[in-house]
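In the order they appear, the protein sequences are chains A and B. Here UniProt numbering is used: position 385 in the first sequence is 385, and no number is missing along the way. Here UniProt numbering is used: position 179 in the second sequence is 179, and no number is missing along the way. No residue lacks a Cβ here, since even glycine has one placed at the ideal position from N, Cα and C. First up is the structure itself, then whatever we jot down about it.
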Amino acid sequence: MLWTCINLPHLAMDGILRRRPAPGPLVLADGPVNARTIVSANDSAQAAGLHVGQRLSAAQALLSKFEAVPYDRGSVDRWHRFLAAVAYRYSSEVSLLPHAIVLEVSRSMGLFGPWPRLASMLRADFTELGFRHRLATAPTAHAAHVLATVSDGQAVLSADALRHALQRVPIAKSSLPANAIAALPGMGIRSLGQVLALPRDGLRRRFGAELLDALDRLTGDRPSGLDLYRPPDIFDLRIELLHEVENRSALVFPVRRMADDLSAYLAGRDGGVQRFLLRLEHREGRYTDVPVGLLASERNGAMLFEFARGRLEHVALPEPVPALRLIARDLPAFVPAGRDLFDERPANALPIGQLRERLRARLGDRAVYRLGSTTDPRPERAQAVAECGGVHDEPSPRPTWLLAHPVPLRGPSPRILIGPERLETGWWDGGEACRDYYVVETSLGQRAWAFCPPGEQGGWMLQGWFA
Amino acid sequence: MNAVAPLSALLDARRVWRGRAPEVPAGDQPTGWRALDAVLPAGGWPDASLSEILLPVDGVGELRLVLPTLARLTQSRRHVVIVSPPYAPCVAGWRQQGVDMRRVDIVEAAEKDVLWATEQCLRSGSCAAVLAWPRQADDRALRRLQVAAVTGQALAFVFRDRSHLSNASPAALRLELEASPQPRIWVRKCRGGAVPPRPVPLTQLAR
């Protein structure tokens, strides 16, 4: 077993910052109303002298203008689970630890490559999503967690090396039970190595079995006892905007983020999305739904964003929008489009399916279609919008343009080239037709497909053109 | 007046430029009409370029002209897109000409979106040919389509009224269809070659 820990030291702050870049100082505050303390501060706030643990009132005395956002436990938890879903792409065994995600990677390395390559892939994913992180790998989940809090990028691949690496870890960062962390430094014990060297009986008498269990989980003598994370079957992401948006164009940035998040989630699940809903929330529980339906499942973030934006452009905002929600329930398997090895198309070609989606997003869902033939001989019903029609060949000549409805053929009497072809059908469904079809040439030199009542050669009705 | 200078000296000094027709690569997009291929400099449609077809009225053979090409492309499993056609393509008739309708997409676009949709299809690189019937297209719009056709390596066909003949066009090939007294094709412009002086007859049997 080999576990990788992704430590997220600034989870709450990054979750806020990725919604919109904060140019000025920004802090997250938590605690009772009369004693609010800073739990996280961005770079420019830290440069101004604000720090974690400071009272908000003290900070206000230091700096006249900064933004204080209340710390939202629910949203931090949601981001935590979302990142676990992203990490699920790399391993089927993913667990949540406080401010961290651990995943079992010994088998993943067989697929993704040795540790340096896997680490760079993980880092690329988390950097792309905008979350600062620290990585460490160790034979046990808890040891990886401890090593990630101490330093970034440490990889300990064997049990012997692990004992050695744990030696130097200071007690304060060892994630042992709180009573031990408080009491051990008072006894002159400052590193994990010293704790591990102490007789176990003495430790049990003084601190109880809890400490020994924690130590055994660190070294791997006890199973980690972590619950495995299971990604949800429904993607539901809600973003509260920092101010009420009245202009559609201001929704573009958050929608792009949401589409990227959906794409990261789908990659983790190895699935695609066929239909999703963009819900624009208004005040007092009212909302506007923007459904986005695709012809085939898709998971490319840029494409999902483009399709969502195309649909969004047709929506008029009836009220200001304080929050956005993206809900995806229909998550079928994703089948990447196959391409021929000797394909002659340019390398950056957009697949035909994505082209169709792009056109539908702007022109409307019914704007792109294919035609197939039916078995009905009446020209008005002989063809229909179809994915693939049956192969049914007509023996007599058929035109290349078909008029939606026959219209009278004006002008001087046409010259008959071929005909007549009698068509008599439809008496059973109310659309009775009894016509003689001719191929005629008009005085302008056009070839037309026209019909007249049986037995007559006049009163021409134009049905199509032999263009 | 002793100003007679040898021509070779002028040529060496590069003060005289000798006009020479640029090399036209023999394309591999035959139109399917032997008589027409024979007069076109590329031996067929100019590859990855815009071709403009000008008509007096609808139904004079504009589709007969391109259907052999569409049949060849769809049968080799390439996609064809038709943007805002004036009438519905008749499935039975197209199939009689050999077109595989499963690879033909029809796009209905409003007047203002026709050029956008055509450009998207051309640029995508996944369409072998795009047919469009723009009603308002100026020189600049056609130039964009020409650039898009080069980008996406696609054949672009634009069908317009004959009245546009007097306007200059950036299309690599301009054909004019004439219906009476007999169906004929005039080549009005072809890149990389002289315009043939005589029209090509467009008869049912010329293929």
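Between the options, which lies nearest to residue i when the distance is taken from Cα to Cα?
{"i": "residue 468 (chain A)", "options": "A:Ala144, A:Ser174 and A:Pro170", "result": "Here chain A has residues from 1 to 467 only, and residue 468 (chain A) is not among them."}
{"i": "Leu228 (chain A)", "options": "A:Val102, A:Leu266 and A:Gly186", "result": "A:Val102"}
{"i": "Ala154 (chain B)", "options": "B:Ser51, B:Val39, B:Val57 and B:Ala128", "result": "B:Ala128"}
{"i": "Cys434 (chain A)", "options": "A:Phe451, A:Leu444 and A:Ser191", "result": "A:Phe451"}
{"i": "Leu73 (chain B)", "options": "B:Val57, B:Gln29, B:Asp138 and B:Asp37", "result": "B:Gln29"}
{"i": "His282 (chain A)", "options": "A:Gly419, A:Leu192, A:Val245 and A:Phe307", "result": "A:Val245"}
{"i": "Asp178 (chain A)", "options": "A:Ser158, A:Ala165, A:Leu211 and A:His164", "result": "The question names Asp, yet the displayed sequence has Ala at residue 178 (chain A). Among A:Ser158, A:Ala165, A:Leu211 and A:His164, the Cα nearest to that of Ala178 (chain A) is on A:Leu211."}
{"i": "Ser126 (chain B)", "options": "B:Ala132, B:Ala148, B:Glu108 and B:Pro56", "result": "B:Ala148"}
{"i": "Arg107 (chain A)", "options": "A:Leu2, A:Leu8 and A:His80", "result": "A:Leu2"}
{"i": "Leu241 (chain A)", "options": "A:Asp221, A:Arg18 and A:Pro9", "result": "A:Arg18"}
{"i": "Gly455 (chain A)", "options": "A:Ala448, A:Ala333, A:Thr442 and A:Tyr438", "result": "A:Tyr438"}
{"i": "Ser175 (chain A)", "options": "A:Leu157, A:Arg217, A:Val156 and A:His164", "result": "A:Arg217"}
{"i": "Ser260 (chain A)", "options": "A:Ser443, A:Phe82 and A:Gly74", "result": "Note that residue 260 (chain A) is Asp in the sequence shown, not Ser. It is A:Phe82 whose Cα lies nearest to the Cα of Asp260 (chain A)."}
{"i": "Gly464 (chain A)", "options": "A:Pro399, A:Glu424 and A:Ala41", "result": "A:Pro399"}
{"i": "Ser191 (chain A)", "options": "A:Met109, A:Arg200 and A:Ala180", "result": "A:Ala180"}
{"i": "Val105 (chain A)", "options": "A:Ile6, A:Arg36 and A:Asp30", "result": "A:Ile6"}
{"i": "Val187 (chain B)", "options": "B:Val16, B:Gln146 and B:Leu54", "result": "B:Leu54"}
{"i": "Glu52 (chain B)", "options": "B:Ala132, B:Gln182 and B:Gly61", "result": "B:Ala132"}
{"i": "Val57 (chain B)", "options": "B:Pro199, B:Pro196 and B:Glu176", "result": "B:Glu176"}
With H, G and I counted as helix, E and B as strand and the rest as coil, what does DSSP make of residue i?
{"i": "Phe276 (chain A)", "result": "strand"}
{"i": "Val428 (chain A)", "result": "What sits at residue 428 (chain A) in the sequence shown is Trp, not Val. Residue state, collapsed to three classes: coil."}
{"i": "Cys90 (chain B)", "result": "coil"}
{"i": "Trp186 (chain B)", "result": "strand"}
{"i": "Ile234 (chain A)", "result": "coil"}
{"i": "Phe126 (chain A)", "result": "helix"}
{"i": "Trp460 (chain A)", "result": "coil"}
{"i": "Phe207 (chain A)", "result": "helix"}
{"i": "Asn167 (chain B)", "result": "coil"}
{"i": "Gln75 (chain B)", "result": "helix"}
{"i": "Leu2 (chain A)", "result": "coil"}
{"i": "Asn7 (chain A)", "result": "strand"}
{"i": "Trp116 (chain B)", "result": "helix"}
{"i": "Gln60 (chain A)", "result": "helix"}
{"i": "Ala206 (chain B)", "result": "At Ala206 (chain B) the pLDDT is 40, less than 50, meaning the model places this residue with poor confidence and gives no usable figure here."}
{"i": "Pro76 (chain A)", "result": "Rather than Pro, the amino acid found at residue 76 (chain A) in this sequence is Val. Helix, per DSSP."}
{"i": "Gly285 (chain A)", "result": "helix"}
{"i": "Leu251 (chain A)", "result": "helix"}
{"i": "Val150 (chain B)", "result": "helix"}
{"i": "Ile101 (chain A)", "result": "strand"}
{"i": "Ser8 (chain B)", "result": "helix"}
{"i": "Arg95 (chain B)", "result": "helix"}
{"i": "Glu357 (chain A)", "result": "helix"}
{"i": "Val86 (chain A)", "result": "helix"}
{"i": "His314 (chain A)", "result": "coil"}
{"i": "Leu26 (chain A)", "result": "strand"}
{"i": "Ile171 (chain A)", "result": "helix"}
{"i": "Tyr71 (chain A)", "result": "coil"}
{"i": "Asp270 (chain A)", "result": "coil"}
Who pairs with residue i in a beta bridge, going by DSSP?
{"i": "Cys434 (chain A)", "result": "A:Glu424"}
{"i": "Arg55 (chain A)", "result": "A:Thr37"}
{"i": "Leu176 (chain A)", "result": "In DSSP, Leu176 (chain A) forms no bridge with anything."}
{"i": "Gln154 (chain A)", "result": "A:Ala136"}
{"i": "Ala182 (chain A)", "result": "None, per the DSSP bridge assignment."}
{"i": "Cys452 (chain A)", "result": "A:Asp436"}
Practice task
Pair every Cβ in the region 53 to 71 of chain A with every Cβ in the region 112 to 124 of chain A, then say whether three or more of these pairs are closer than 8 Å.
Solution key: no
Exercise for the section: Would you check if the region 185 to 205 of chain A and the region 292 to 310 of chain A touch, i.e. whether three or more CB-CB distances between them fall below 8 Å? Expected result: no
Exercise for the section: State whether the region 80 to 87 of chain B contacts the region 177 to 196 of chain B, with contact taken as three or more CB pairs (one from each stretch) at a distance under 8 Å. Expected result: no
Exercise for the section: Select from the region 399 to 423 of chain A all residues with a C-beta closer than 9 Å to any C-beta belonging to chain B, and list them in chain order. Expected result: Pro399, Thr400, Trp401, Leu402, Leu403 and Ala404
Practice task
Could you name the residues of the UniProt domain "UmuC" (25 to 147) of chain A whose beta carbon sits closer than 8 Å to any beta carbon of chain B, in the order they occur along the chain?
Solution key: none
Exercise for the section: Evaluate contact between the region 217 to 235 of chain A and the region 317 to 328 of chain A, counting only Cβ atoms and requiring at least three cross-stretch pairs below 8 Å. Expected result: yes
Handout entry: Residues of the region 157 to 191 of chain B with Cβ closer than 7 Å to any Cβ of chain A, in chain order
Key = Ala179, Ser180 and Pro183
Practice task
Assess, as a yes-or-no matter, whether the region 353 to 368 of chain A is touched by the region 85 to 103 of chain B under the definition of 3 or more beta carbon pairs within less than 8 Å.
Solution key: no
Problem - Touch test, the region 131 to 148 of chain B against the region 408 to 416 of chain A, Cβ-Cβ under 8 Å, three pairs minimum - result: no
Handout entry: chain B contacts from the region 276 to 301 of chain A (Cβ-Cβ distance under 8 Å)
Key = none
Practice task
For the region 152 to 169 of chain B and the region 36 to 52 of chain B, state whether three or more C-beta atom pairs, one from each stretch, are separated by less than 8 Å.
Solution key: yes
Practice task
Taking a Cβ distance cut-off of 7 Å, strictly less, list which residues of the region 109 to 136 of chain B are near chain A, in chain order.
Solution key: So the list reads Ala109, Asp113, Ala117, Gln120, Cys121, Ser124, Gly125 and Ser126, given in the order they occur along the chain.
Exercise for the section: Could you please tell me which residues of the region 309 to 341 of chain A, in chain order, have their CB closer than 8 Å to any CB of chain B? Expected result: Cβ contacts with chain B come from no residue of the region 309 to 341 of chain A.
Problem - Chain-ordered residues of the region 367 to 381 of chain A with a beta carbon less than 8 Å from chain B - result: Ala367, Val368, Tyr369, Arg370, Leu371, Gly372, Ser373 and Pro379
Exercise for the section: State whether the region 263 to 276 of chain A contacts the region 220 to 227 of chain A, with contact taken as three or more CB pairs (one from each stretch) at a distance under 8 Å. Expected result: no
Exercise for the section: Spell out a yes or no on whether the region 72 to 92 of chain A and the region 45 to 56 of chain A are touching, meaning 3 or more CB-CB pairs, one atom from each, closer than 8 Å. Expected result: no
Handout entry: Contact set between the region 39 to 60 of chain B and chain A, restricted to residues whose Cβ is under 8 Å from the partner
Key = Contacts with chain A (Cβ-Cβ distance below 8 Å) from the region 39 to 60 of chain B involve Pro56, Val57, Asp58, Gly59 and Val60, listed in chain order.
Problem - Three CB pairs or more closer than 8 Å across the region 162 to 170 of chain A and the region 136 to 152 of chain A - result: Yes, the region 162 to 170 of chain A is in contact with the region 136 to 152 of chain A.
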